[in-house]
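There are 2 protein chains.
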Amino acid sequence: MKPTPSSCIDFKKHLDRFIEINDAEFGQILEYFSIKKLKKHQLLVRAGDAVHHTYWTKSGLLTSTFTAPDGKEHIIQFADEACWITDQNAFYHQAKAIFNIAAVEDCELLSLSFENREKLCAAFHKMEHFFRKKANDSFTKQQKRLLTYLTSDSQQRFELLLQEYPKLMQRLSKKTLAAYLGVSRETLSRFTKKG
Amino acid sequence: MKPTPSSCIDFKKHLDRFIEINDAEFGQILEYFSIKKLKKHQLLVRAGDAVHHTYWTKSGLLTSTFTAPDGKEHIIQFADEACWITDQNAFYHQAKAIFNIAAVEDCELLSLSFENREKLCAAFHKMEHFFRKKANDSFTKQQKRLLTYLTSDSQQRFELLLQEYPKLMQRLSKKTLAAYLGVSRETLSRFTKKG
DNA sequence: TGAAATTAGTGACATACGTCACTTTTTGGC
DNA sequence: GCCAAAAAGTGACGTATGTCACTAATTTCA
């Protein structure tokens, strides 16, 4: 299903963060995308599969989860509204996914295939610019998260997370938060008790 | 000081990983760079300063270090030959550096200013493409590192690091390794003792 | 080359956090 | 609205790793 410009105003705003595009260009750009809908609990990407698309969230909430050999789950990324999500390594390098990406709530996504992404970047220098800027941003966000693992204990990480994303945290279970913070459910439960 | 094509063969090879450029283009591209030399222990970026450049290592070895309020040092990045290094957040977002970047050995670097990087990307669509691809790669490498923090204990992280970068590890002190792994010197010392 | 500084190793002890086992509360489908 | 399943809370206990204090080895450079 093809997205229409009028239903993707937020996506236009998202592109506007880094590039200026007119309505005609935006219409052309949208041609490269499809609409994808997911019900709560549905899987978008399954570990082990090839990953041919990256996704931008119009609405809903997803998690990207790594399941370790010992069965423990670790959350590598959340995506609420206006976020890009995929198994990045699998998508960029044509490899098998190692993450499960699942809908925490019903979702509506813009889907972009690897092929279309490359075509889009080749056809619109602006879009190549956009994705470069976006990738730089993603890198620094990821680096910041790594730094909190290096410098803070789990309770501090928990409090930082609550401060930074208070609304998002209410949409996620404690179990999920623990899997993101890298602590056991039990330990997280003790933090919330203490205050 | 300006770099010459003949002295930057490895840099050409580095660009070749993602884009095809001819000698004329390479000559023009090099115009945007300068040569920067550092002696061992010299600082390239000082925490608190503005960061106007990103650097590519022709030779030598550097570390990017975060010093926590409690005085503990954490290494966020190594850069040996053919790596890009800067305080990325400060460089991309025109903010103050939070990392100290220091030469572990004498270094010879290619230096690229923010302004020249943008000009280069505007003038050569290929270079915008290169930096997009590079940023995507950096992101996935960073994500992989984050994953090892979530899934492995410090001894496993240590052994993985030795496997992956055996030569690089010999150029770094145990203290530095510990600061990268996020463990105390003492704990790392006990790993090497046990085997 | 010799003194000072830095790095590395090690034992004793403290503690944050994981694990296990169990109970209580909440959620979701029929 | 009820029942099963999932999520959340909690106490007891074990363990990995940090901290401190000290010694030994190595590096630096005057």
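Chains A and B supply the protein sequences, listed in that same order.
Mapping the first sequence onto full-length UniProt numbering, position 37 (from 1) lands on 37, and the numbers just tick up by one.
Mapping the second sequence onto full-length UniProt numbering, position 189 (from 1) lands on 189, and the numbers just tick up by one.
Where a beta carbon is used, it is the ideal one built from N, C-alpha and C, also for glycine.
Start and end of the alpha helix (DSSP H) containing residue i?
i	result
Ala123 (chain A)	Phe114 to Ala123
Ser154 (chain A)	Ser154 to Glu164
His93 (chain B)	Gln88 to His93
residue 196 (chain B)	The structure shown does not extend to residue 196 (chain B), since chain B is modelled only from 1 to 195, so the question has no answer here.
Ile35 (chain B)	It is not in any alpha helix (DSSP H) - Ile35 (chain B) instead sits in the beta strand (DSSP E) that spans Phe33 to Leu38.
Leu30 (chain B)	Asp23 to Leu30
Lys13 (chain A)	Ile9 to Asp16
Buried or exposed, going by whether 16 or more other CB atoms sit within 10 Å of the CB of residue i?
i	result
Ala24 (chain A)	exposed
Asp80 (chain B)	buried
Ser138 (chain B)	buried
Arg190 (chain B)	exposed
Gln163 (chain B)	exposed
Gly60 (chain B)	buried
Ser64 (chain A)	buried
Lys58 (chain B)	buried
Lys119 (chain A)	exposed
Ala68 (chain A)	exposed
Over the uninterrupted beta strand (DSSP E) stretch that includes residue i, give me the two end residues.
i	result
Ala103 (chain A)	Phe99 to Ala103
Gln77 (chain A)	Glu73 to Ala79
His53 (chain B)	His53 to Ser59
Phe66 (chain B)	Leu62 to Thr67
What number of angstroms, rounded off, separates the C-alpha of residue i from the C-alpha of residue j?
i	j	result
residue 217 (chain B)	Leu147 (chain A)	Residue 217 (chain B) falls outside the range modelled here, since chain B spans only 1 to 195, and no answer is possible.
His125 (chain B)	Cys121 (chain A)	10 Å
Leu150 (chain B)	Tyr149 (chain A)	9 Å
Asp106 (chain A)	Leu62 (chain A)	9 Å
Arg157 (chain B)	Pro3 (chain A)	44 Å
Thr140 (chain B)	Leu161 (chain B)	17 Å
Lys96 (chain B)	Arg145 (chain A)	18 Å
Lys40 (chain B)	Gly27 (chain B)	30 Å
Glu159 (chain A)	Asp10 (chain A)	30 Å
Gln5 (chain B)	Leu172 (chain A)	According to the sequence as given, residue 5 (chain B) is Pro; it is not Gln. Cα to Cα, the separation comes out at about 54 Å.
Glu1 (chain A)	Phe91 (chain A)	According to the sequence displayed, residue 1 (chain A) carries Met and not Glu. Each residue's alpha carbon lies about 21 Å from the other.
Asp49 (chain A)	Ser7 (chain A)	31 Å
Asp70 (chain B)	Leu38 (chain B)	29 Å
Val183 (chain B)	Tyr165 (chain B)	18 Å
Ser152 (chain B)	Phe66 (chain B)	22 Å
Ala123 (chain B)	Lys133 (chain B)	17 Å
Met169 (chain B)	Arg117 (chain B)	31 Å
Determine, using beta carbons only, whether residue i and residue j come nearer to each other than 8 Å.
i	j	result
Phe154 (chain A)	Thr187 (chain A)	With the sequence shown as reference, residue 154 (chain A) is identified as Ser, and Phe is not the correct amino acid for it. Cβ atoms of Ser154 (chain A) and Thr187 (chain A): closer than 8 Å.
Gln94 (chain A)	Gln142 (chain B)	no
Lys13 (chain A)	Leu109 (chain A)	no
Arg185 (chain A)	Lys167 (chain A)	no
Ala82 (chain A)	Asn136 (chain B)	no
Touch check for the stretch 48 to 55 of chain B and the stretch 85 to 99 of chain B: three-plus C-beta pairs under 8 Å? Touching, yes.
Stretch-stretch touch, CB-based, cutoff 8 Å, three pairs: the stretch 124 to 132 of chain A with the stretch 5 to 21 of chain A: By the Cβ criterion, the stretch 124 to 132 of chain A is in contact with the stretch 5 to 21 of chain A, since at least three pairs of Cβ atoms, one from each stretch, lie closer than 8 Å.
Below 8 Å, how does it come out for the stretch 25 to 37 of chain A and the stretch 70 to 77 of chain A: are there three or more Cβ pairs, yes or no? No, the stretch 25 to 37 of chain A does not touch the stretch 70 to 77 of chain A.
Using 8 Å as the threshold, is the stretch 94 to 102 of chain B in touch with the stretch 36 to 49 of chain B, meaning 3 or more CB pairs across them? When C-beta atoms of the stretch 94 to 102 of chain B are compared with those of the stretch 36 to 49 of chain B, three or more pairs fall below 8 Å, so the two segments count as touching.
Determine contact between the stretch 163 to 182 of chain A and the stretch 104 to 121 of chain B, defined as no fewer than three beta-carbon pairs at a distance below 8 Å. Touching, no.
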